[in-house]
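Engineer: Here it is: the structure, laid out below.
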Amino acid sequence: MKKMHRKTQRKVILLIFELLLLLLLAVTLFIVVKLSKIQKNELNLDNVSINEGLSEETKDAMSDYQTIALFGLDNRSNGNLSKGRSDVIMLAAINNKTHEVKLVSVYRDSYLDTGNGVFEKCNAAYAKGGPEQALSMLNTNLDLAITDYVTVDFNAIVECIDLLGGIEMTITDDEATLMLGYIKELNKLTGNDSKCPASGGTYTLDGVQATAFARIRYGGGDDYKRTERQRAVLAAMVDKAQKSDLKTINALINQMFGDIETSFSNADLLTLAANVFNYKIGDTSGFPYEKVGKKYDKVGDVVIPCDLVSNVTTLHEFLFNETDYTPSDTVQRNSDTIINNTGFRQGDGF
269 MKKMHRKTQR
279 KVILLIFELL
289 LLLLLAVTLF
299 IVVKLSKIQK
309 NELNLDNVSI
319 NEGLSEETKD
329 AMSDYQTIAL
339 FGLDNRSNGN
349 LSKGRSDVIM
359 LAAINNKTHE
369 VKLVSVYRDS
379 YLDTGNGVFE
389 KCNAAYAKGG
399 PEQALSMLNT
409 NLDLAITDYV
419 TVDFNAIVEC
429 IDLLGGIEMT
439 ITDDEATLML
449 GYIKELNKLT
459 GNDSKCPASG
469 GTYTLDGVQA
479 TAFARIRYGG
489 GDDYKRTERQ
499 RAVLAAMVDK
509 AQKSDLKTIN
519 ALINQMFGDI
529 ETSFSNADLL
539 TLAANVFNYK
549 IGDTSGFPYE
559 KVGKKYDKVG
569 DVVIPCDLVS
579 NVTTLHEFLF
589 NETDYTPSDT
599 VQRNSDTIIN
609 NTGFRQGDGF
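Going by my numbering, the letters in the sequence shown line up with residues 269 to 618, in that order.
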């Protein structure tokens, strides 16, 4: 009888193990199916430039973080993520130990080398050569080594915020007025019928309203203030998503994953997703730090770093806590070219 009892116990244990294994496989399959909705773009890393001569100290400092480029395209059409001027350019540096995420907005009109020695507004890089050229632009001008990116269309932001039930934002009277034109345009593009807040105050903004708020530029503090709004909207979205239930998360995945393109594989995304509720948005800033806004030559209104070397030094200290950064020869040359072309140098900006 004892032998029969032990045999029965083993069968029960084996059955439980098999059921757990099947459940695990089912969950994994479910997640993979969901992730397959995201447009994958396996980059040719031979086309992504990284500066030679990065100091060992810089490499060590950056190795403690996973740095990802975030692009938002303004293509006036949904789903076209391979080309277009990147209205939003952000750097997200994830601390591998603490999971804190630092965000830096790179002003889209920053006067930088977009490739082959052509200095112009940096958002032209994505339009010319897609994510490879955009990553190369960031790496070569800022002494970074980014090989991964995520690109979204405005439509994805609108859908995400609506599915989250809106996000709470405090807006001014001027911002409420300036949102009107953007809301009308986004309503036409997305088929929504959102209303503009009548005045300043604290509101739960829907997708169109929040996206309009994030897009305010002229009259609303130009690109500097706009990028602050963009980072505030992103932080509010992350916070709301982390507090959402599984039903909402599933709806988010079903609705908006098709409006995202990334270099990450499914395995990479699973690794990131494993810590999604541990991520915390930390400090945020805009680049360049010392700058001048000026209409320059045929390029138009640009943001000129004063100078590039000192701004990149500040960037590395902010993102990676690197206090002994030494610029590469490429950054130094680009800095000298910007000074020679524009006449602005360190101390001339604000």
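From the three backbone atoms N, C-alpha and C, an ideal C-beta is built for every residue, glycine too. The structure presented is a predicted model; accordingly, all values stated were derived computationally and were not measured.
To the nearest whole angstrom, what separates the beta carbons of Val599 and Leu583, a pair I think is in contact under 8 Å?
Structural biologist: With a Cβ gap of about 10 Å, Val599 and Leu583 do not count as contacting.
Engineer: On the criterion of 16 or more Cβ atoms from any shown chain inside 10 Å, does Phe387 qualify as buried, or is it exposed?
Structural biologist: Buried: at least 16 other Cβ atoms inside 10 Å.
Engineer: Going by DSSP, what residue range makes up the alpha helix (DSSP H) through Phe588?
Structural biologist: Per DSSP, Phe588 belongs to the alpha helix (DSSP H) from 576 to 588.
Engineer: Take the Cβ of Lys389 as the centre, count every other Cβ of all protein chains shown within 10 Å, and call the residue buried at 16 or more, exposed below.
Structural biologist: Looking at its Cβ environment, which holds 16 or more other Cβ atoms inside 10 Å, Lys389 is buried.
Engineer: Counting C-beta neighbours from all protein chains within 10 Å, is the total for Phe618 16 or more, i.e. buried, or is it exposed?
Structural biologist: Its Cβ having fewer than 16 others within 10 Å, Phe618 is exposed.
Engineer: Which whole-angstrom value describes the C-beta separation of Val476 and Leu454, a residue pair presumed to lie in contact below a C-beta threshold of 8 Å?
Structural biologist: Contact holds; Cβ gap of about 5 Å.
Engineer: Thinking C-alpha only, which one of Leu406, Val316, Asp381 is nearest Phe339?
Structural biologist: For the residues Leu406, Val316, Asp381, the minimum Cα distance to Phe339 belongs to Leu406.
Engineer: Taking 7 Å as the limit between beta carbons, can you name the residues of its chain near Ile607, skipping five residues before and five after?
Structural biologist: Cβ neighbours of Ile607 beyond the five flanking positions: Asp575, Arg613.
Engineer: First and last residue of the beta strand (DSSP E) that includes Ile572?
Structural biologist: Start and end: 568 to 573.
Engineer: Can you give me the C-alpha to C-alpha distance between Thr438 and Ala504, rounded to a whole angstrom?
Structural biologist: Going from the Cα of Thr438 to the Cα of Ala504 covers about 12 Å.
Engineer: Using alpha carbons as the reference points, say which of Gln334, Glu324, Ser373, Ser317 lies closest to Asn543.
Structural biologist: It is Gln334 whose Cα lies nearest to the Cα of Asn543.
Engineer: Whole angstroms is fine: what's the gap from Asp604's alpha carbon to Asp551's?
Structural biologist: Spanning the two alpha carbons is a distance of roughly 30 Å.
Engineer: Taking the DSSP output, what are the residues bridged to Val418?
Structural biologist: For Val418, which the question treats as bridged, DSSP gives the partners Leu338, Thr530.
Engineer: Relative to the C-alpha of Lys463, which residue among Ala509, Met358, Asp474, Leu311 is closest?
Structural biologist: Considering only alpha carbons, the answer is Asp474.
Engineer: Going by other Cβ atoms of all chains shown within 10 Å of its Cβ, with 16 needed for buried, is Tyr417 buried or exposed?
Structural biologist: The residue is buried, with at least 16 neighbouring Cβ atoms inside 10 Å.
Engineer: Using alpha carbons as the reference points, say which of Ala480, Ile414, Leu341 lies closest to Ala361.
Structural biologist: Looking at the Cα atoms, Ile414 is the closest of the given residues.
Engineer: By alpha-carbon positions, which one of Ile528, Asn579, Gly561, Val374 ends up nearest to Thr419?
Structural biologist: It is Ile528 whose Cα lies nearest to the Cα of Thr419.
Engineer: My guess is that His367 and Asn546 are in contact by the Cβ rule of under 8 Å, so how many angstroms apart are they, rounded?
Structural biologist: 4 Å between Cβ atoms; contact.
Engineer: If I measure Cβ to Cβ from Ile336 and keep anything under 6 Å in the same chain, skipping five residues before and after, which residues do I get?
Structural biologist: Around Ile336: Ala360, Asp416.
Engineer: Could you check the C-alpha separation between Tyr492 and Ala402 for me, to the nearest Å?
Structural biologist: About 20 Å.
Engineer: In angstroms with no decimal places, state the Cα-to-Cα distance between Ile435 and Val501.
Structural biologist: Using only the alpha carbons, I get a separation of about 8 Å.
Engineer: Do Asp411 and Leu322 come within 8 Å of each other at the CB atom, strictly closer than that value?
Structural biologist: A contact, by the Cβ cut-off of 8 Å.
Engineer: Please state whether DSSP places Leu371 in a helix, a strand or coil.
Structural biologist: The answer is strand: DSSP assigns Leu371 an E or B state.
Engineer: If you draw a straight line from the C-alpha of Ala466 to the C-alpha of Glu443, how long is it?
Structural biologist: Straight-line Cα distance between these residues: approximately 10 Å.
Engineer: Taking just the CA atoms, how far does Val356 sit from Glu496?
Structural biologist: About 11 Å.
Engineer: Do Ser404 and Val316 have their CB atoms nearer than 8 Å?
Structural biologist: Cβ distance < 8 Å, so Ser404 and Val316 count as in contact.
Engineer: Report the CB separation of Ala393 from Gly383 in whole angstroms; it is logged as a contact under 8 Å.
Structural biologist: That belief holds up - the Cβ atoms of Ala393 and Gly383 are roughly 6 Å apart, short of 8 Å.
Engineer: Do Asn602 and Asn409 have their C-beta atoms within less than 8 Å of each other?
Structural biologist: Against a cut-off of 8 Å, the Cβ pair of Asn409 and Asn602 comes out as a contact.
Engineer: Tell me which residues share the same chain as Val567 and place their Cβ nearer than 6 Å to its Cβ, disregarding the 5 neighbours each side in the sequence.
Structural biologist: Excluding sequence neighbours, Val567 sits near Glu388.
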